[in-house]
Every structure is written in C-alpha cells, then in structure tokens.
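Under my numbering, the first residue of the sequence shown carries the number 5, and numbering increases by one thereafter.
Heads up, the beta-carbon is just placed ideally off N, CA and C, and yes, glycines get one too.
What follows is one structure encoded as structure tokens, with my remarks underneath.
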Amino acid sequence: MLDLLKNLVDTGGPLVNARHALFEGDPQFITAVELQFESLSVVLCALSDDDTLEVSSGEFESTTDEILVDVRDSDPWSKCLGSGLAWAWELTNQQGYSDGLRLEFENPVEKSNLVVELIVVASAIELFGAVKVN
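Rendered as structure tokens:
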C-alpha cells in the first residue's frame, strides 16, 4: 500500500473525480471510494472480513449489491478537486489492523490544505475532515 500511496503523491497530479460505492444504494454505507487523479486512479475498499482498508490502482468494479455514484460535487471531494496530494498516511489501529487512510490535499494556487480521513467501521468507510488546532 505504501508504494502505491507514494506513487500517488509523487505522480498522481490533481484530483479530477470521486465516486462512492454504496451498499444497496445507502449513502451512509460506503463500501469503496474511487479517486481519479490526472495520472492515476485508486480504489479504497472496505474489506468486510476484518474491517481493514485495501488500496489498489485502477477503477472500481461494483458488485450486484453496490451502486456507484459520482460524488465530485459533494463534501469533502468538491473542495479537493484540482488539488494534488502532498501527503498520504496509512492508519493502523491499536489491534494492528490497517483500517484507515489520511490524505492531505494541497492547492498551491489558493495556498490551502485539506485533510480527509477514511476509516473503516463496521464494514463501511466513514469520512472525516481534520483541521489544525491553534
């Protein structure tokens, strides 16, 4: 996973699209997130067997239980469009499971950063926005 994240930061370019795979169409049950960057696409998938997060390159292929929806105009992705990744972290919980990802998007034109965290909870991906505390 770390090699793919490094490649994404180094060569992915700006984010151009985002899609969520929803279990049975439920917007509160995200099973996967597809992020399309200028040069590379990645899929972040919740693995239901152990509630870990799998990261792979390419496009998402949905199952019969999942509906793929375009979310580029929704938070947090609408704020990330046009920005590249400055940093990416693999998150590991206290039990040793890799169940999350932290992505820091950097917009050099606006001189701003936006941090999005994706954590697998009960076989679904939950999205969080992190802000710096002064």
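Whole-angstrom distance between residue j and residue i, CA atom to CA atom
i, j, result
"Asp54", "Tyr101", "8 Å"
"Val13", "Phe109", "9 Å"
"Phe132", "Asp103", "14 Å"
"Gln99", "Thr56", "11 Å"
"Leu8", "Leu44", "10 Å"
"Val2", "Asn97", "This structure does not reach residue 2, given that the chain is present from 5 up to 138, and the question cannot be answered."
For residue i: DSSP bridge partner residues
i, result
"Asp74", "Arg23"
"Glu130", "Ile123"
"Val46", "Leu39, Ser61"
"Leu6", "Looking at the DSSP assignment, Leu6 forms no beta bridge with any residue, so it has no partner."
"Asn117", "Glu110"
Contacts around residue i, its chain only, beta-carbon distance under 7 Å, and the 5 residues preceding and following it disregarded
i, result
"Glu70", "Ala25, Leu26, Phe27, Thr35"
"Gly62", "Ser45, Val47"
Nonlocal neighbours in the same chain, by C-beta distance under 6 Å from residue i, ignoring five residues either side
i, result
"Val119", "Glu108, Ala134"
"Glu38", "Arg23, Val47, Phe64"
"Ala92", "Leu9, Val13, Leu107"
"Ser141", "Past the edges of the chain, shown from 5 to 138, lies residue 141, and the structure says nothing about it."
Specify whether the stretch 45-54 and the stretch 70-87 touch according to this definition: at least 3 beta carbon pairs, one from each stretch, less than 8 Å apart. no
Ordered list of alpha helix (DSSP H) runs contained in the stretch 56-115, each at least 4 residues: 81-84
Quick check: the stretch 21-41 against the stretch 110-119, are there 3 or more CB pairs under 8 Å? no
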